[in-house]
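Everything below concerns the one structure shown next.
Residue numbers (full-length UniProt numbering): 1 to 190.
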């Protein structure tokens, strides 16, 4: 006889598992935490953990796809006659309006990334994809080539400013939420 429970298997919520991992990374440092530690603390099997998160870095970078999707959707919905800088600012504000249930995960995620520069390599693909989205949008909106130096630099500045603002929010909080912090910083660039 097996002591295995009958019925439907329990649902594993990826953001909840990420939050467990991020708390461990805050407490012990990223390098000191093994995937087995995360599985035990989250109350899931090692196999389930690796099915959801194939690498330790993916526990940190996992939620950023939703940010990129919100950003891309917001860009697509901007009025066609709006200046590209204003459209980028508005899209970043929308993307940085995190659902209430992921604010803590997002804050911890950004703090762990800041404290562990080696995570930048794993997130480089995400960052490059986002920057390509910016460049394609601005070049198309402004009627210039994606290879245009001014477009490349402008988009890199916007991306770096938004990243710095979100990281500042994660470390310091402040009167506003992440959307307000990002918006205030990007207002100076438009």
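Glycine is no exception: its CB is placed at the ideal position from the N, C-alpha and C atoms.
For residue i, collect the residues of the same chain with a Cβ closer than 7 Å to its Cβ; drop the 5 residues on either side in sequence, then sort them by chain order.
i           : result
residue 146 : 135, 136, 139
residue 11  : none
Mind checking which residues open and close the alpha helix (DSSP H) that includes residue i?
i           : result
residue 92  : 84-95
residue 113 : 103-115
residue 144 : From DSSP, residue 144 is part of no alpha helix (DSSP H); its letter is neither H nor E.
residue 40  : 35-42
residue 58  : 56-61
Look up residue i in the DSSP assignment and say whether it is helix, strand or coil.
i           : result
residue 28  : helix
residue 189 : coil
residue 78  : coil
residue 7   : With a pLDDT of 47 at residue 7, under the threshold of 50, the modelled position of this residue cannot be trusted, and the question is left open.
residue 133 : helix
residue 18  : helix
residue 13  : coil
residue 159 : helix
residue 48  : helix
residue 98  : coil
residue 120 : helix
residue 53  : coil
residue 140 : helix
residue 1   : With a pLDDT of 47 at residue 1, under the threshold of 50, the modelled position of this residue cannot be trusted; read the value that follows with caution. Correct three-state label for residue 1: coil.
residue 65  : helix
Who are the Cβ neighbours of residue i in its own chain at under 8 Å, not counting the five residues just before and after it?
i           : result
residue 2   : Residue placement at residue 2 cannot be trusted, given a pLDDT of 49 that sits under 50; the coordinates are not used to answer.
residue 26  : 108, 111, 112
residue 248 : Any property of residue 248 remains undetermined from this structure, which presents the chain solely from 1 to 190.
residue 58  : 122
residue 19  : 104, 105, 108
residue 49  : 17, 35, 38, 39, 42
Apart from the five residues just before and just after residue i, which ones in its own chain have a Cβ nearer than 6 Å to its Cβ?
i           : result
residue 207 : Lying outside 1 to 190, the shown extent of the chain, residue 207 is not represented and no answer is given.
residue 53  : 59
residue 170 : 107, 110, 111
Taking CB distances under 7 Å as the criterion, tell me whether residue i reaches chain D.
i          : result
residue 87 : Among the protein chains of the structure shown there is no chain D, as only one such chain exists.
Contact the stretch 72-83 vs the stretch 104-122: 3+ CB pairs below 8 Å: no
The stretch 64-83 touching the stretch 24-44, judged by at least three CB pairs closer than 8 Å: no
Touch test, the stretch 148-155 against the stretch 58-69, Cβ-Cβ under 8 Å, three pairs minimum: no
The stretch 125-132 in contact with the stretch 40-49 per 3-pair CB rule at 8 Å: no
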